[in-house]
Amino acid sequence: MPNRIREIRNAKGLTMRDLADKMGVHFTTLAKIERSERRLSLEWMERIASALEVTPTELIEAPVKPQLRMVPLIGSIPAGPLRLAVEDPMGMVPAVGGGPNAFALRVSGDSMDRVFGPGAIVLIDPDDIALFDGKIYAVRTGEGEATAKRFRNNPPRLEPDSANPDHKPMLLGAEPFQVVGRIFMFMNEV
-7 MPNRIREIRN AKGLTMRDLA DKMGVHFTTL AKIERSERRL SLEWMERIAS
43 ALEVTPTELI EAPVKPQLRM VPLIGSIPAG PLRLAVEDPM GMVPAVGGGP
93 NAFALRVSGD SMDRVFGPGA IVLIDPDDIA LFDGKIYAVR TGEGEATAKR
143 FRNNPPRLEP DSANPDHKPM LLGAEPFQVV GRIFMFMNEV
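Going by my numbering, the residue at position 133 of the sequence shown is 125; the numbering climbs one at a time, nothing skipped.
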């Protein structure tokens, strides 16, 4: 089975002998594994990965490079008090990650200014709607008002992350809401 031991070892500036010494094995044993002349068992994979400070999977799989693509910037979202979201196609923006239906919105308001401020562009994955503690989501109320906030699960609430003390958490359950999607990337203006 081909492996990436040499590639990772070289990237870390280690010789074969350095790695073998670090593992407490003879360098010829390691050389045979690296050249795929000896089977890379799970035990060897774990030992080598530990010595190289990588995961065992990284020894056999090349890292996936995220693909840059363009997603539509379709309007704005308040990061402040609930307001109607504005959908107005405004162009395309670069994105890395997110699902095939990802889109971007420009932020208005300062309720998330410790993370992204007014004018920032947030990228939203509408296929990623499961709520996880600490993640940031775009949500919409039954009346169509929208906001971007961080979800906290105990008790379930949407929290601002702002230097402005006027912004308060929104407890969930009092009124219906819909998760528009998880914010997976943002771009602040400089």
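Each residue gets a CB set at the ideal place from its N, CA and C atoms; glycine is no exception.
Self-check item: Distance, P(-6) Cα to R31 Cα
Solution: 10 Å
Practice problem: Return helix, strand or coil for A96, following the three-state DSSP convention. | Solution: strand
Practice problem: Determine the DSSP secondary structure at R75, reduced to helix, strand or coil. | Solution: Low confidence applies here, because R75 scores a pLDDT of 44, under 50, leaving its location unreliable; read the following figure in that light. Of the three classes helix, strand and coil, the one that applies to R75 here is strand, per DSSP.
Quiz item: Can you list, in chain order, the residues of its chain whose CB lies under 6 Å from that of Y129, leaving out five sequence neighbours each side?
Solution: F143, V171, R174
Exercise. Kindly examine the ligand NAP and report whether one of its heavy atoms sits closer than 8 Å to the Cβ of R1.
Key: In terms of ligand content, the structure shown is empty, and the ligand NAP therefore cannot be addressed.
Quiz prompt | Cβ shell of L134 (< 6 Å), same chain only, five flanking positions each side left out | solution = Note that residue 134 is Gly in the sequence shown here, rather than Leu. Contacts found: P168.
Quiz prompt | Member of A43, K14, M8, A41 whose CA lies at the smallest distance from the CA of R208 | solution = Within the shown structure, residues of the chain are numbered from -7 to 182, placing residue 208 beyond reach of any answer.
Practice problem: Output the distance between the C-alpha atoms of I69 and R106, rounded to the nearest integer angstrom. | Solution: 16 Å
Quiz item: In terms of residue numbering, what span does the beta strand (DSSP E) encompassing T47 cover?
Solution: Run containing T47: none; DSSP gives neither H nor E here.
Quiz item: How would you call R(-2), buried or exposed, if buried means at least 16 neighbouring beta carbons within 10 angstroms?
Solution: exposed
Exercise. Can you grab the Cα-Cα spacing for the pair G126 / G111, in whole Å?
Key: 22 Å
Quiz item: Near A94, what residues of its chain come up, given a Cβ to Cβ distance below 7 Å and the 5 sequence neighbours on each side ignored?
Solution: V63, A87, L115, I116, D117
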